[in-house]
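Inspection log for the structure reproduced underneath, given as structure tokens.
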Amino acid sequence: MLKIFVFGPGFGEISASPFSSKALCLLQMSGQKYQVVHSGDPRKTPKNKLPVLEHNGKTIPDSDQIRDYLEHTFDIDFDAGLTPEQRGISRAIIRMTEEHIYFGLMCTRWVDTENWPTTREELFGKIPKLMRNFITGKIRKQVIAIAHGQGMGRHSPEERADRINKDIAAIEVILGNKPFLFGDRPSAADASVVPMLRELVSFPKPTLLKDLVTKRPSLMAYLERGKEAMYPA
Numbered sequence: 000m001l002k003i004f005v006f007g008p009g010f011g012e013i014s015a016s017p018f019s020s021k022a023l024c025l026l027q028m029s030g031q032k033y034q035v036v037h038s039g040d041p042r043k044t045p046k047n048k049l050p051v052l053e054h055n056g057k058t059i060p061d062s063d064q065i066r067d068y069l070e071h072t073f074d075i076d077f078d079a080g081l082t083p084e085q086r087g088i089s090r091a092i093i094r095m096t097e098e099h100i101y102f103g104l105m106c107t108r109w110v111d112t113e114n115w116p117t118t119r120e121e122l123f124g125k126i127p128k129l130m131r132n133f134i135t136g137k138i139r140k141q142v143i144a145i146a147h148g149q150g151m152g153r154h155s156p157e158e159r160a161d162r163i164n165k166d167i168a169a170i171e172v173i174l175g176n177k178p179f180l181f182g183d184r185p186s187a188a189d190a191s192v193v194p195m196l197r198e199l200v201s202f203p204k205p206t207l208l209k210d211l212v213t214k215r216p217s218l219m220a221y222l223e224r225g226k227e228a229m230y231p232a
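Heads up, the sequence shown is in numbering that gives the first Met the number 0, so the first residue is 0 and it goes up one at a time.
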């Protein structure tokens with residue numbers, strides 16, 4: 000049986016990580032039986048990240064590689080029915096979502112001083128209080144350095160929102176009046192976009208990025224359809 004190691008639930012979502020949620024969506028869409036293992040420590044994984052899939056003695060790290068493995072091993076095409084042009088657009092949407100919008104989410108949770116206490120309590124609330132600030136302070140410094148190195152962490156919240164608003168507006172236009180990005184059924188792009196936007200919306204405090212999604216009724220309805228169609232029951 001497939002065994003998927005993911006970050007546990009957080010912020011009201013099936014995982015606090017949109018990449019873990021994506022992997023769970025792909026597994027659900029695959030129709031294969033799988034076991035979920037919640038983990039909070041990715042340090043012993045091949046890339047020091049989650050999700051990680053185990054199957055028949057093989058270890059497959061990274062949600063993108065997990066997609067490839069599922070497609071090749073079980074003869075699945077998550078983009079079945081898409082034209083070559085749509086497949087190209089799908090790939091571009093996934094990269095935009097995972098390499099740009101994600102870093103906005105990261106900054107909202109970890110970099111913005113007013114939001115950090117909420118993130119700390121949600122993700123690390125089970126750590127004894129005497130140790131919590133010390134441990135999480137070190138982790139936060141590492142995350143801030145990553146965000147700064149990538150570039151998103153160099154911008155103000157307003158500048159980040161302006162950049163990401165263009166991404167979300169593009170997703171809204173591509174979705175149009177369709178149930179999902181490319182038609183009546185979800186595809187690989189939906190498995191990336193829905194978890195990421197749901198993570199923006201689920202943060203329990205008002206944020207600029209949260210507003211970018213909640214002010215768009217068509218996207219909010221899309222997120223509910225996506226949850227119903229792709230998320231584990």
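Think of the CB as a built atom: it goes at the ideal place given N, C-alpha and C, for glycine as much as any other residue.
Asked                                                                                             : Found
Pairwise C-alpha distance: T107 and K125                                                          : 22 Å
L199 beta carbon near the ligand HEM (any heavy atom closer than 6 Å)                             : This structure lacks the ligand HEM; in fact it carries no ligand of any kind.
Opposing strand residues paired with V247 [DSSP bridges]                                          : With the chain running from 0 to 232 in the structure shown, residue 247 is simply not present.
Closest Cα partner of P203 within the set F10, I3 and L1                                          : F10
Beta-carbon proximity of G103 to R159, cut-off 7 Å                                                : yes
Cβ pair M105, A146 closer than 7 Å                                                                : yes
Under 7 Å between C-beta atoms of L52 and I65                                                     : yes
Which listed residue (P205, V35, A169 and A232) has its alpha carbon closest to that of S89       : A169
Assigned exposure category for N55 - 16 Cβ within 10 Å defines buried                             : exposed
Touch test, the segment 131–149 against the segment 190–197, Cβ-Cβ under 8 Å, three pairs minimum : no
Nearest-angstrom Cα separation, counted from L129 out to Y221                                     : 42 Å
Reduced DSSP category for H37 - H, G, I as helix; E, B as strand; rest coil                       : strand
Pairwise C-alpha distance: R139 and W109                                                          : 6 Å
Of the listed residues P178, E97 and E70, nearest to E223 (C-alpha basis)                         : P178
M0 burial status per 10 Å Cβ neighbour count (16 or more: buried)                                 : exposed
Residues near S235 by beta carbon distance below 8 Å, same chain, minus five either side          : Lying outside 0 to 232, the shown extent of the chain, residue 235 is not represented and no answer is given.
Per-residue burial, P116 [other beta carbons within 10 Å of its own, 16 or more giving buried]    : exposed
Endpoints, alpha helix (DSSP H) assigned at V200                                                  : A187 to S201
For P17 and Y101, believed in contact at Cβ under 8 Å, the rounded distance                       : 7 Å
Rounded C-alpha distance that separates P287 from E98                                             : Nothing can be reported for residue 287, as the shown portion of the chain is limited to 0 through 232.
Start and end residues, alpha helix (DSSP H) containing C24                                       : P17 to S29
Backbone secondary structure at G148 - three-state DSSP                                           : helix
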